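Asks: Numbering (full-length UniProt numbering), first residue to last: 1 to 227. Here it is, the structure, as C-alpha cells.
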C-alpha cells in the first residue's frame, strides 16, 4: 500500500467508511447489480457512487434534482435520473435503465419523505441502508413499512467504540483504495482555522465534496468548488 496524505485520509473518513460497510458487509452488492442512490444533496451519495463503480463494479442509479448534482454523479460513473420533488414516474424511469421497476438495494442519504418516495422501487425482500444525513432523520413511520424490507443504519462513530476490529479493517480498505487510485474522494474547499465560520457557511451552501480545516495555515482559503 502506498502512503496516503493526511488531506486525502481526512477526505475518505466517515462517508466512505459508511458507504463501504453498507454495500460490502451489509448489502453485499454484486458486480453489475443496479442500486438506487438518493443523490440530491448529500455528500455521502458521492462516496456511495464512487465505491459502487470503482470497487464493486456495480451500476449505481443516482436520483438528482438539479443539473450540477447530476453532472457530479455522472462524472463518477452513475446513471442519473432527474426527478421533480414528488419523484413522479420513478419506477418507469428505473425500468428504462435496468429493465426492472425495482432494485434490491436502496442507499438513502436524505431520509424522511425522500425515503417514502423511493421505497416504491424496492424489491419486496430488499434492503434500505440509511447513511449520512438519513441516519439522523429516522421517524416512527419507518417502522410502518412492510416487514419484508430490511432497514439498517450505518454510522462510523458506532464502530469506533463497539467494534474496533471492523472499524480498523474497513478504514484500512478505504485507505488502500485511495492509495491505489480506485476511488476519487472530492474535496470542495480548505479553510484555515481562523476562517472556521466561513467554512460552516460554505459547507451549508455547497453540498458536494469535503470541506477541510487547516490547523497549521490558519488563514488558508482554497476553493475547488464555487458556490
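Here a beta-carbon is modelled for each residue, glycine too, at the ideal position from N, C-alpha and C. It should be emphasised that the depicted structure is a prediction, and the values quoted were computed from it without experimental measurement.
(1) Compute the beta-carbon to beta-carbon distance between residue 64 and residue 73, rounded to the nearest angstrom, for a pair I have assumed lies under 8 Å.
(2) Would you mind reading off the limits of the beta strand (DSSP E) that contains residue 34?
(3) Am I right that residue 122 and residue 106 are in contact with their C-beta atoms under 8 Å? What's the rounded C-beta distance?
(4) Going by the CB atoms, is the gap between residue 130 and residue 154 shorter than 9 Å?
(5) Classify residue 109 as buried or exposed, calling it buried when 16 or more other Cβ atoms lie within 10 Å of its own Cβ.
(6) Taking one C-beta from the stretch 180-189 and one from the stretch 22-41 each time, how about it: are there three or more such pairs within less than 8 Å?
(7) Taking just the CA atoms, how far does residue 180 sit from residue 143?
(8) Give the straight-line distance between the Cα atoms of residue 190 and residue 221, rounded to the nearest whole angstrom.
(9) Using the three-state DSSP reduction, which class does residue 218 fall into: helix, strand or coil?
(10) Pick from 216, 212, 213, 205: whose alpha carbon is nearest that of residue 227?
(11) Taking just the CA atoms, how far does residue 167 sit from residue 43?
(12) Between residue 20 and residue 170, how many whole angstroms is the CB-CB distance? I'm expecting something under 8 Å.
(13) Using the C-alpha atoms, what's the distance from residue 80 back to residue 9?
(14) Mapping DSSP to helix, strand and coil, what is residue 201?
(15) Give me, in chain order, the residues of the same chain whose beta-carbon lies closer than 7 Å to that of residue 89; leave out the 5 immediate sequence neighbours on both sides.
(16) Do you know how far the Cα of residue 91 is from the Cα of residue 36?
(17) Leaving out the 5 sequence neighbours to the left and right, which residues in its chain are closer than 8 Å to residue 97 when beta-carbon positions are compared?
(18) Here's the rule: buried if 16 or more other CB atoms are within 10 angstroms of the residue's CB, otherwise exposed. What is residue 38?
(19) Starting from residue 59, follow the beta strand (DSSP E) in both directions and report where the run begins and ends.
(20) For the stretch 1-27, list the alpha helix (DSSP H) runs that are entirely contained and at least 4 residues long, ordered along the chain.
(21) With distance defined between alpha-carbon atoms, name the residue in 198, 218, 182 nearest to residue 192.
(22) So, with DSSP's three-state summary, where would you put residue 224?
(23) Taking the continuous beta strand (DSSP E) assigned at residue 54, which residues delimit it?
(24) Thinking residue 14 and residue 199 are a contact (beta carbons under 8 Å), I'd like their distance in whole angstroms, please.
Replies: According to the structure data:
(1) Taking the chain shown and counting its residues from 1, the one referred to as residue 64 is at position 64. Taking the chain shown and counting its residues from 1, the one referred to as residue 73 is at position 73. At roughly 6 Å, the Cβ-Cβ gap stays under 8 Å, so residue 64 and residue 73 are in contact.
(2) As a working mapping, residue 34 is identified with position 34 in the chain shown. Looking at the DSSP string, the run of the beta strand (DSSP E) that includes residue 34 is 34-38.
(3) As a working note, residue 122 is residue 122 in the chain shown. As a working note, residue 106 is residue 106 in the chain shown. About 5 Å; that satisfies the 8 Å criterion.
(4) On the chain shown, position 154 is the one that residue 154 refers to. On the chain shown, position 130 is the one that residue 130 refers to. Against a cut-off of 9 Å, the Cβ pair of residue 130 and residue 154 comes out as a contact.
(5) As a position in the chain shown, residue 109 is number 109, starting the count at 1. Residue 109 should be labelled buried.
(6) no
(7) As a working mapping, residue 143 is identified with position 143 in the chain shown. As a working mapping, residue 180 is identified with position 180 in the chain shown. For residue 143, the predicted model reports a pLDDT of 47, less than 50, meaning its position is unreliable; a value from the coordinates is still stated below. If you take the alpha carbons of residue 143 and residue 180, they lie about 41 Å apart.
(8) For this step, residue 190 is matched to residue 190 along the chain shown. For this step, residue 221 is matched to residue 221 along the chain shown. When rounded, the distance between both Cα atoms is 6 Å.
(9) Taking the first residue of the chain shown as 1, we reach residue 218 at position 218. Three-state DSSP puts residue 218 in coil, outside helix and strand.
(10) Start at 1 with the first residue of the chain shown, and residue 227 comes out as number 227. Checked all of 216, 212, 213, 205; the closest Cα to residue 227 is 205.
(11) The residue given as residue 43 occupies position 43 in the chain shown. The residue given as residue 167 occupies position 167 in the chain shown. Looking at the two C-alpha atoms, the distance is approximately 20 Å.
(12) Translated into positions along the chain shown, residue 20 becomes position 20. Translated into positions along the chain shown, residue 170 becomes position 170. Contact holds; Cβ gap of about 6 Å.
(13) Here the question's residue 9 lines up with position 9 in the chain shown. Here the question's residue 80 lines up with position 80 in the chain shown. Their backbone Cα atoms lie some 28 Å apart in a straight line.
(14) Counting from 1 along the chain shown, the entry for residue 201 is found at position 201. If DSSP states are grouped into helix, strand and coil, residue 201 belongs with the helices.
(15) Residue numbering aside, residue 89 sits at position 89 when the chain shown is read from its first letter. Hits under 7 Å: none found.
(16) Position 36 of the chain shown, counted from the start, is the residue given in the question as residue 36. Position 91 of the chain shown, counted from the start, is the residue given in the question as residue 91. Spanning the two alpha carbons is a distance of roughly 11 Å.
(17) Here residue 97 refers to the residue found at position 97 when the chain shown is read from its first residue. Closer than 8 Å at Cβ, skipping near neighbours: 34, 61, 79, 81.
(18) Taking the first residue of the chain shown as position 1, residue 38 is located at position 38. That one is buried.
(19) Position 59 of the chain shown holds residue 59. Looking at the DSSP string, the run of the beta strand (DSSP E) that includes residue 59 is 59-64.
(20) 6-12, 15-20
(21) Residue numbering aside, residue 192 sits at position 192 when the chain shown is read from its first letter. Of the listed residues, the one whose Cα sits closest to residue 192 is 218.
(22) By one-based count along the chain shown, residue 224 stands at place 224. The answer is coil: DSSP assigns residue 224 none of H, G, I, E or B.
(23) Residue mapping note: residue 54 aligns to position 54 of the chain shown, counting from 1. No beta strand (DSSP E) contains residue 54, which is instead part of the alpha helix (DSSP H) from 43-54.
(24) Sequence index remark: in the chain shown, residue 14 carries index 14 (1-based). Sequence index remark: in the chain shown, residue 199 carries index 199 (1-based). Not a contact, Cβ separation roughly 16 Å.
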